[in-house]
Amino acid sequence: MTALESIDFDFFSKSMPEAVAALRTLSRICGQDLDKALLELVKVRASQMNGCAYCLQLHLNWARKAGVSQGKLDRLAVWREVADFSAEERAALAWTEALCEPGRHDALESARKALQAAFDTERQLRLTVAIAAINAWNRIAGPLRFSPPPVE
36 MTALESIDFD FFSKSMPEAV AALRTLSRIC GQDLDKALLE LVKVRASQMN
86 GCAYCLQLHL NWARKAGVSQ GKLDRLAVWR EVADFSAEER AALAWTEALC
136 EPGRHDALES ARKALQAAFD TERQLRLTVA IAAINAWNRI AGPLRFSPPP
186 VE
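So the sequence shown is numbered by this note's numbering: it starts at 36 and just counts up by one.
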């Protein structure tokens, strides 16, 4: 048996097509009725927190395509400290961080209140599932060391 140093997404996709299809379906379904730029900000932030180089680069590429400015992406890690982010984005990012660190109940309750103030119930649910989906991808691609895609 050989150790997995790193694999690429194509190998994983060919080896586990059902898992890839299920995660893609989950991501697509929960992304409905959510602004694409907001969704990509959430995925970038989760990938930063979870240390997933593959997902981070993929979603940085997609965020730029969705119209997120490079300046906003540069300051995403410090979103609380700058005025670049809307109230809705702040609520989504706080919720993302709370779900990436589920043991912090104080942060979870504060983030839940902000989420409820910024989003209707259906969008709260979709955002929660979107964050769960990117966390699942991060926990696959990160430990398996998927090679990041090229910068676009």
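Glycine residues also receive a C-beta, built at the ideal position from the N, C-alpha and C atoms.
Identify which residue in the options has its Cα closest to the Cα of residue i.
i    : options                   : result
E124 : P137, R110 and E136       : R110
N96  : E75, C135, E132 and L58   : E75
I169 : R63, S48 and A101         : R63
A72  : G177, Q159, K100 and Q151 : K100
L58  : A176, N85, Q159 and P185  : A176
Q159 : H94, E136, P185 and A127  : A127
T131 : S121, A122, G138 and A146 : A146
R80  : D141, F46 and A112        : A112
F120 : V103, Q151 and K78        : V103
L179 : V77, G86 and C65          : G86
P137 : M84, F46, C65 and D68     : M84
N173 : V117, D141, Q92 and L108  : Q92
K107 : A54, V77 and A88          : V77
Throw me the rounded Cβ distance for the residue i and residue j pair, which I believe falls under 8 Å.
i    : j    : result
S182 : S41  : 6 Å
A149 : A129 : 5 Å
A153 : L143 : Contact doesn't hold; Cβ gap of about 16 Å is too wide.
With DSSP run on the structure shown, which of helix, strand or coil describes residue i?
i    : result
R158 : helix
N173 : helix
E132 : helix
I166 : helix
M36  : Interpretation of M36 is limited by its pLDDT of 41, a score under 50 that renders its predicted location unreliable; no figure is taken from the coordinates.
R180 : coil
P206 : It is not possible to answer for residue 206, since the shown part of the chain is limited to 36 through 187.
E187 : coil
D43  : coil
K49  : helix
Could you check if residue i belongs to the surroundings of the ligand ADP, using beta carbon to heavy atom distance under 7 Å?
i    : result
K107 : For the ligand ADP, the structure offers nothing, since it holds no ligand at all.
>> For a minimum of 4 consecutive residues, which ranges assigned as the alpha helix (DSSP H) are wholly contained in the segment 58 to 129?
In response: 71 to 85, 88 to 100 and 105 to 109
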